[in-house]
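Asker: The sequence shown lines up with residues 1 to 479 when you count with the UniProt record's numbering.
Attaching a single structure in structure tokens format; questions to follow.
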Amino acid sequence: TGAGLGNYTVSYVPGTLTIDPAALTVTALDQASTYGQTPALGNREFSTAGLVNGDTVSSVALTTAATGASSVGTYGIAASGATGSGLSNYAVTYRGGTLTIDPAALTVTALDQSSTYGQAPDLGTSQFSTSGLVNGDTVSGVTLTTAATGASSVGAYGIAASGATGAGLGNYTVSYVPGTLTIDPAALTVTALDQASTYGQAPDLGTSQFSTSGLVNGDTVSAVTLATPATGTSNVGHYGITAAGATGTGLSNYAVTYRGGTLTIDPAALTVTALDQSSTYGNSPALGSSAFSTSGLVNGDTVSAVRLTTTATAASTVGTYTIAASTATGDRLGNYHVNYRPGALSVVMAPSSATAGLSADLRSQGVDSLTGIVSQGLNTAFVADHVSAIATLSGISSAHETSGSSTVVWPHESAGPDEVQTPEARSTVSRPAEEARSAAPARALPRTALRAHLPARLTSRNDGNILTPPVSARNQIAR
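Pasting the structure below:
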């Protein structure tokens, strides 16, 4: 068609139409992978631009240089080899995408720990666990902290983890999980101190006789309950002391161990005193076993007998001797420390209260002596005098160590040439046998008439009693 074409004979010569490929752009879509994981790009993560006539791209080969060991970062995604329908009609252009390697998730958990009351917690840097490490990466240390101190009471406290260090940790997003620090009770030992009590006294243990080991932070034990099975009637010996129920400050922070002590029941002091006694000269002292007194007995205990001894014998002269006490016997005396105190034994002459008499027997049957006889059954000392004072007897002692009847002569002074007093005093005694002693021999009488006077009275040296002889004799003796 056109202008003036009616003026032409038109011949048509055919030409050629070339259909050129359409432009098709295939673009790899951006993807992400996690550190430590091999990227899985697939073949569908792409976009297209330029498809017509219902043509399709069903898959594209997607590749990347990144691997599972690749560090966190971005890596290229190459697209190629699109497949689909009608794609021969296209000039395909491939555009790359981006693969982002994201950090892997790493969890660092502080392990639970414990510490003892009174000690500053030492958490270290290695008490942790991890989850999520790959590719041989490691956590070599973690900062572990707690609010607890050495003064913190027994209980549970948090442990915070942070600042992990190690190899490859830049490829991780680290999450920290806290742990628990348990403050355990400290060990406290309370020991009952050894004590002593005296038999017969109820033990008074008090609440302060103890020692401690393990207290910290200025904590104190002010009192402890101390107990024993021993009583005031318990025998001498050793008994246990138990400790319990400590009270004080901060003690809830301790595990208390109690150790027992020993209570020693010591003997009570018992004094046994020998009572003073007396014995008559010439008799063996009979001290017995009951002449004593006691001081210090308790619990109804008794002393039934005591051994009493003396150095005095029947032959001991008048005077004072010691009575020694020993070997007390009785009930539960093993619970006493016995102190023995001596007594005194007085050896005395016998009293003159017994019947005594004086008789005169003046004989001149060819014997040159006059004899006066004093009979006394007891050991008695006398002082004699004479009513006419012709002669005085003095220094008389009838305490003879003889047996049976013996004769002792008491000499006198002569009052005149024709008067001679030569009485012999005879006393009967019962003593251990010993040879009789004679103070002086009888004096010879003149062949002229004699007159003798016996003592008018005898005075006892023992008790002052006066014995008046019933007979006063005078005899004229012719040669």
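Ideal placement from N, C-alpha and C gives every residue a C-beta, glycine not left out.
A quick note: this is a predicted structure, and the numbers were derived from the prediction, not measured.
1) From Ile183 to Gly261, what does the alpha carbon distance come to, in whole angstroms?
2) Out of Gly136, Thr83, Pro103, which one is the CA nearest neighbour of Tyr94?
3) Report, in whole angstroms, the separation of the C-beta atoms of Leu181 and Tyr157, which I expect to be a contact under 8 Å.
4) Span of the beta strand (DSSP E) holding Ala23?
5) Sorted by chain position, which residues of the same chain lie with C-beta nearer than 6 Å to Asn7's C-beta, five sequence neighbours on each side aside?
6) Can you give me the C-alpha to C-alpha distance between Ser222 and Val190, rounded to a whole angstrom?
7) Can you list, in chain order, the residues of its chain with a C-beta nearer than 7 Å to that of Gly36? Leave out the 5 residues immediately preceding and following it.
8) Is it the case that the Cβ atoms of Leu263 and Ala291 are separated by a distance below 8 Å?
9) Using the Cβ count rule (16 or more neighbours within 10 Å means buried), how would you classify Gly250?
10) Hey, how far is the Cα of Ala61 from the Cα of Leu169?
11) Just to confirm, is the Cβ distance from Thr130 to Thr143 under 8 Å?
12) Taking only the alpha-carbon atoms, compute the straight-line gap between Asp194 and Ile241 and give it to the nearest angstrom.
13) Do you know whose CA, among Ile101, Ala147, Val92, lies nearest Thr66's CA?
14) Kindly list the residues whose CB is nearer than 6 Å to the CB of Thr322, restricted to its own chain and excluding five residues on each side of it in sequence; keep chain order.
15) Rounded to the nearest angstrom, what separates Leu51 and Thr107 at their Cα positions?
16) Ordered along the chain, which non-local residues of its own chain (more than five positions away) have a Cβ less than 8 Å from that of Ala161?
17) Can you list the beta strand (DSSP E) stretches of 3 or more residues lying completely in the stretch 160–240, in chain order?
18) Could you tell me which residues DSSP puts in a beta bridge with Asp102?
19) Specify, as a first and last residue, the run of the beta strand (DSSP E) that Gln277 falls within.
20) Thinking Val347 and Thr317 are a contact (beta carbons under 8 Å), I'd like their distance in whole angstroms, please.
21) Could you please give the first and the last residue of the uninterrupted beta strand (DSSP E) stretch that includes Ile77?
22) Sorted by chain position, which residues of the same chain lie with C-beta nearer than 8 Å to Ala120's C-beta, five sequence neighbours on each side aside?
23) Could you check the C-alpha separation between Ile265 and Gln201 for me, to the nearest Å?
24) In this structure, how does DSSP classify Ser252 when only helix, strand and coil are distinguished?
25) Can you name, in chain order, every residue of its own chain whose Cβ lies under 6 Å from the Cβ of Ser284, other than the five neighbours on each side?
26) Please say whether Ser279 and Ala305 have beta carbons closer to each other than 8 Å?
27) Using only alpha-carbon positions, find the residue among Asn53, Val303, Ser71, Gly15 that is nearest to Thr173.
28) Checking contacts by CB at 8 Å: is Pro203 closer than that to chain C?
Answerer: In short, the structure shows the following:
1) 31 Å
2) Thr83
3) 5 Å
4) 22–28
5) none
6) 11 Å
7) Gly68, Ala104, Val134, Asn135
8) no
9) buried
10) 33 Å
11) no
12) 8 Å
13) Looking at the sequence provided, one finds Ala at residue 66 rather than Thr. Measuring from the Cα of Ala66, the nearest candidate turns out to be Ile101.
14) Pro342
15) 48 Å
16) Val108, Thr109, Ala110, Phe128, Val142, Thr143, Leu144, Tyr176, Val177, Pro178, Gly179
17) 172–177, 179–184, 186–192, 195–198, 210–213, 220–227
18) Thr34
19) 277–280
20) 7 Å
21) 73–85
22) Thr149, Gly150
23) 9 Å
24) helix
25) Ala314
26) no
27) Ser71
28) Going by chain labels, chain C is absent from the structure shown, which holds only one protein chain.
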